[in-house]
Every structure is written in C-alpha cells, then in structure tokens.
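Okay, structure first, notes after.
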Amino acid sequence: GNSVTQMEGPVTLSEEAFLTINCTYTATGYPSLFWYVQYPGEGLQLLLKATKADDKGSNKGFEATYRKETTSFHLEKGSVQVSDSAVYFCALMLWDGNEKLTFGTGTRLTIIP
Amino acid sequence: NAGVTQTPKFRVLKTGQSMTLLCAQDMNHEYMYWYRQDPGMGLRLIHYSVGEGTTAKGEVPDGYNVSRLKKQNFLLGLESAAPSQTSVYFCASSYQRTGGHQPQHFGDGTRLSIL
C-alpha cells in the first residue's frame, strides 16, 4: 500500500535557524507529493507540491525537491520565523480518478524568538 | 468568500447518541472529503464524494455514514457514537481535474468528544 513517513516532532528552533523536516514515501505507482500546513485552530492549507521527479516546489520561503531515487520530499527553509510555528504534513496522491491524499502523521514546529 | 464551513465547531456526546456534522462549500467544487485527525495518526480519510449523489468509503469508514444530496453540502453522520470516535473532524473540497491534483480546501474542523 501507500504510506508517508515523516520526521517525528515536536521540533523547536530559534528564529532565523535553518529548518529541515524529513519525509519519505512508499507508493505503488508514481505519486504527486505535497506539503500541507496547519496553523493553530485552523484547517490544513496546501504549502507546496511537486508532480514529477526532480521538480522543486516552493512557497513562502519553503522548498522541497521530489527525489525519486531516495523516495523523499524533505521540507526546508533557510531562516524560520515565529509565524512559521504550525504542524506540517507531508502527503502523496496517486491519480486514480478520486484524488485521495495519503498523509503522514504531521510534525509540530515551534519557533522561539 | 466563506470557503469550507463546518458546523458545529465543538460537540460533546454521550455514548450511543447520534449526530450529524455538516460541511458546506461555496466554491462549486465537485469533490468533497471527510477526515478525522488523531494524535500521532495524521489525517485519515473516512468517506468522500466525487459528485452530487455519490459517496465512497475511505480508509476508516466504520461507524460513519455520509450523504451528498446537494453539491455544496456533505454530511457526516454518527448513528451510535462510541468513545473511539472522539477526534477532530475535517471536511475538505476540491475541483475535479483529470490527471492533476487540485489543492484540497479545508474547513476549520469540528472537535467531537464522546463520553
């Protein structure tokens, strides 16, 4: 079956630190990959996506590169801000006409000033 | 622009009671989804719908029923609530697009406690 494994949290960093949240996947086909973010008290929002190998998704200073050879999609940001504190979910989708996402367990990120 | 609206936001039930969670979207989306979010489990798909009048089972459908009588609404029902159904429930919707992913738009969640 399909599954997503992401870095256990919580992760606590100081403002302006470098961020990496690891994500690896197992899929029966060729998936599209996503990072969703959940701010406190809100639903999930799409942060970035990549649909084929070597694609780089980017948004709000965050980046992730689709690595087919290592089945990974690690999230990075060069300098985090307090406003980046949230829960981050890695997810995959295999197109079968139904657009179903498979999510990882989420990584809670806290940035301290 | 309201997006995806879930009601209620909080609810406490006793074991065996029934209730319905309502999801409404104003974006004319074809696809709608119900997830539950539990600590250490991420989001798990309960049921989904690819259009008005259609529903399908997701990963964890047992104990839940759904209906999509109108395109903009997707109802999640618990016929006989159990403590294991204590969770945060999220509704999401997206456009239909063949061969490509459209972002799912999420509501703010319903926190449900079963005593």
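These protein sequences, in sequence, are chains A and B. Residue numbering for the first sequence follows the numbering used here, starting at 159 and increasing by one per position. Residue numbering for the second sequence follows the numbering used here, starting at 29 and increasing by one per position. Even for Gly, the Cβ is constructed at its ideal location relative to N, Cα and C.
- Report the three-state DSSP secondary structure of Ser141(B) (helix, strand or coil). If you number the second sequence from 1, residue 141(B) lands on position 113. It is a strand residue.
- Should Gln34(B) go down as buried or exposed, given a rule of 16 or more other Cβ atoms within 10 Å for buried? On the second sequence, residue 34(B) is found 6 positions in, with the first residue counted as 1. Around the beta carbon of Gln34(B), a 10 Å sphere encloses 16 or more other beta carbons of the protein chains shown; the residue is thus reported as buried.
- Task: Kindly identify the DSSP beta-bridge partner or partners of Gly215(A).
- Result: On the first sequence, residue 215(A) is found 57 positions in, with the first residue counted as 1. Answer is Ala222(A), bridged to Gly215(A).
- At a CB-CB cut-off below 9 Å, which residues of chain B make contact with Phe247(A)? Against the first sequence, residue 247(A) aligns to sequence position 89. Correct list: Gly70, Leu71.
- Query: Is the CB-CB distance between Thr184(A) and Asn160(A) below 8 Å?
  - Reply: Position 26 of the first sequence, counted from the first residue, corresponds to residue 184(A). Position 2 of the first sequence, counted from the first residue, corresponds to residue 160(A). It is a contact, given that the beta carbons lie within the stated cut-off.
- If Gln130(B) and Ser122(B) are in contact, beta carbons under 8 Å, what's the gap, nearest whole angstrom? Taking the first residue of the second sequence as 1, we reach residue 130(B) at position 102. Taking the first residue of the second sequence as 1, we reach residue 122(B) at position 94. That pair is a contact at about 4 Å.
- Message: Run through the DSSP bridge pairs and tell me what His75(B) is partnered with.
- Response: The residue labelled residue 75(B) in the question sits at position 47 within the second sequence. In DSSP, His75(B) forms a bridge with Trp62(B), Lys85(B).
- Item | Opposing strand residues paired with His133(B) [DSSP bridges] | Translated into the one-based positions of the second sequence, residue 133(B) becomes position 105. In the DSSP assignment, His133(B) is bridged to Ser121(B).
- Message: Quick check on Asp136(B) - is its C-beta less than 8 Å from some C-beta in chain A?
- Response: Translated into the one-based positions of the second sequence, residue 136(B) becomes position 108. Chain A contact via Cβ: present.
- Gln113(B) - DSSP class collapsed to helix/strand/coil: The residue you call residue 113(B) lines up with position 85 of the second sequence. In the structure shown, Gln113(B) sits in a helix (DSSP, three-state: H, G or I).
- Task: Assuming Ser230(A) contacts Lys207(A) (C-beta within less than 8 Å), just tell me the rounded distance between them.
- Result: Counting from 1 along the first sequence, the entry for residue 230(A) is found at position 72. Counting from 1 along the first sequence, the entry for residue 207(A) is found at position 49. Your pair Ser230(A) and Lys207(A) does not check out as a contact, with CB atoms roughly 15 Å apart and the cut at 8 Å.
- What residues of chain A sit near Phe118(B), judged by a beta carbon separation below 8 Å? Counting from one through the second sequence, the residue named residue 118(B) turns up at place 90. Within 8 Å Cβ-Cβ: Gly201, Leu202.
- Message: Once the 5 residues before and after Asp66(B) are set aside, which same chain residues still bring their CB inside 7 Å of it?
- Response: Numbered from 1 along the second sequence, position 38 holds the residue referred to as residue 66(B). For Asp66(B), where only same-chain residues beyond five positions count, the Cβ hits under 7 Å are Ser115.
- Item | Buried or exposed by the 16-neighbour rule on C-beta atoms within 10 Å, applied to Ala84(B) | As a first step, residue 84(B) is located in the second sequence; it is residue number 56 there, counting from the start. Burial call: exposed.
- Task: Within the same chain, show all residues whose beta-carbon is closer than 8 Å to that of Phe134(B), passing over the 5 residues directly before and after it, in chain order.
- Result: The residue you call residue 134(B) lines up with position 106 of the second sequence. These residues qualify, in order along the chain: Val32, Phe118, Cys119, Ala120.
- Message: I want to verify the contact list: residues of chain A whose CB lies under 7 Å from the CB of Pro131(B), in sequence order.
- Response: Taking the first residue of the second sequence as position 1, residue 131(B) is located at position 103. Within chain A, the residues near Pro131(B) are Leu204.
- Option nearest Phe102(B) by Cα separation, candidates Ile74(B), Pro111(B), Gln45(B), Arg139(B): Within the second sequence, numbered from 1, the residue matching residue 102(B) stands at position 74. Looking from the CA of Phe102(B), the closest CA among Ile74(B), Pro111(B), Gln45(B), Arg139(B) belongs to Ile74(B).
- Message: At the 8 Å Cβ level, is Thr263(A) part of the contact set with chain B, yes or no?
- Response: By one-based count along the first sequence, residue 263(A) stands at place 105. Chain B contact via Cβ: present.
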